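Our numbering applies: residue 145 is where the sequence shown begins, and numbers increase by one. From the three backbone atoms N, C-alpha and C, an ideal C-beta is built for every residue, glycine too. Quantities reported herein were computed from a predicted structural model and do not represent experimental measurements.
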Amino acid sequence: MKWEFPGRVAVVTGGMRGIGRTIADGLLAGGAEVHVFDRETGELPKGMTAHAVDVSNSASVNEAFATIGKPVHLLVNNAGITRDRTLLKMSDDEWSSVINVNLTSAFNTIRAAGPGMVQAGVGRIVNMISINGLRGKMGQGNYAASKAGMVGLTKSAAKELGPKGVTVNAVAPGMVLTEMTLKLDQQFRDRALAEAALSILPDTADIANAVLFLLSDAARCITGEIIKVDSGQYI
Numbered sequence: 145m146k147w148e149f150p151g152r153v154a155v156v157t158g159g160m161r162g163i164g165r166t167i168a169d170g171l172l173a174g175g176a177e178v179h180v181f182d183r184e185t186g187e188l189p190k191g192m193t194a195h196a197v198d199v200s201n202s203a204s205v206n207e208a209f210a211t212i213g214k215p216v217h218l219l220v221n222n223a224g225i226t227r228d229r230t231l232l233k234m235s236d237d238e239w240s241s242v243i244n245v246n247l248t249s250a251f252n253t254i255r256a257a258g259p260g261m262v263q264a265g266v267g268r269i270v271n272m273i274s275i276n277g278l279r280g281k282m283g284q285g286n287y288a289a290s291k292a293g294m295v296g297l298t299k300s301a302a303k304e305l306g307p308k309g310v311t312v313n314a315v316a317p318g319m320v321l322t323e324m325t326l327k328l329d330q331q332f333r334d335r336a337l338a339e340a341a342l343s344i345l346p347d348t349a350d351i352a353n354a355v356l357f358l359l360s361d362a363a364r365c366i367t368g369e370i371i372k373v374d375s376g377q378y379i
């Protein structure tokens, strides 16, 4: 399904590849002016601009928004990393780097984009979390904590920004078929597939469709919600 975003300015963090790129492509197809924030930049289609941004650094985020130079209506916080290790063996850097890139980055972008949305009287924010932020995951205490933190951030921002016409929601995937996960040993995909009630694993388009819906005017009365797109991996 194609969603329409004429006249909208959008930012997608972590949008150079994978789920983020599929979301960015959908926004562009719907007529939005798309800005991609990522550590690495590259060639993008006309109408899509890449910005080299460290989203965990507020100064870098603020500079990128200043470069855009106009209110941003649509924000997707998709940037994320993993540094898997059991808690008792996890280093300070493995903990803090995941928290900063996954959680602090969302605070940085919401704080930077929020005033423009309030000024425009409309805004849509979608945070990418994970079912592991809802249920926990062995060896991913840092990642699960960062995504659980985004749940609280999503609901708090929804309460604060709702009266100004801004919706804030989150999408929680399970394992998604991406270039990265397809390189994993088959046993990991089989394990996720065994959990999935639908006996399939979603691809990037399945996740992007949910995000694009939440960014659209069709979702104008939905806020503070967490939507799982996981083929029933976590019920």
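1) Smallest Cα separation from VAL153: which of THR230, ALA173, ILE344, SER202?
2) Could you tell me if ARG268 is buried or exposed, where buried requires 16 or more neighbouring beta carbons within 10 angstroms of its beta carbon?
3) Tell me the DSSP bridge mates of PHE181?
4) Enumerate, from N- to C-terminal direction, the unbroken alpha helix (DSSP H) stretches of 4 or more residues contained entirely within the segment 299-350.
5) Examine the Cβ distances between the segment 285-292 and the segment 222-233 and report whether three or more of them are shorter than 8 Å.
6) For GLN331 and LEU337, what's the separation of their Cα atoms in angstroms?
7) Who are the Cβ neighbours of ALA352 in its own chain at under 6 Å, not counting the five residues just before and after it?
8) Just to confirm my understanding: we take GLY186, look at its own chain, exclude 5 residues before and 5 after, and list those with CB closer than 7 Å. What are they?
9) Contact check, VAL156 vs VAL205 under 8 Å by CB: the rounded distance?
10) With a threshold of 8 Å, are at least 3 pairs of Cβ atoms found where one atom belongs to the segment 359-369 and the other to the segment 333-348?
11) Please state whether DSSP places ARG165 in a helix, a strand or coil.
12) Where in the segment 211-250 do unbroken runs of the beta strand (DSSP E), each at least 3 residues long, occur, reported from the N-terminal end onward?
13) What are the boundary residues of the alpha helix (DSSP H) that includes ARG268?
14) According to DSSP, is LYS291 helix, strand or coil?
15) Express the C-alpha separation of PHE209 and ASN244 in angstroms, rounding to a whole number.
16) With LEU297 and PHE251 assumed to form a contact (beta carbons below 8 Å), what rounded beta-carbon distance in angstroms separates them?
17) Please state whether the Cβ-Cβ distance between VAL262 and VAL312 is less than 8 Å.
18) Quick check on the burial criterion: 16 or more other C-beta atoms within 10 angstroms. Buried or exposed for THR248?
19) Short of 7 Å in beta carbon distance, which residues of its chain neighbour ILE379, apart from the five on each side in sequence? Order them along the chain.
Well, looking at it:
1) ALA173
2) Around the Cβ of ARG268, a 10 Å sphere holds 16 or more other Cβ atoms; the residue is buried.
3) THR157, HIS195
4) If you keep only unbroken alpha helix (DSSP H) runs of at least 4 residues inside the segment 299-350, you get 330-339.
5) yes
6) 10 Å
7) THR166, ILE167, GLY170
8) MET160, ALA194
9) Between VAL205 and VAL156 the Cβ distance is about 13 Å, and since that is not below 8 Å, they are no contact.
10) The segment 359-369 is not in contact with the segment 333-348.
11) Three-state result, ARG165: helix.
12) 218-221
13) No alpha helix (DSSP H) contains ARG268, which is instead part of the beta strand (DSSP E) from 267-272.
14) Helix at LYS291.
15) Cα-Cα distance, rounded: 19 Å.
16) 7 Å
17) no
18) Its Cβ being crowded by 16 or more others within 10 Å, THR248 is buried.
19) ALA341
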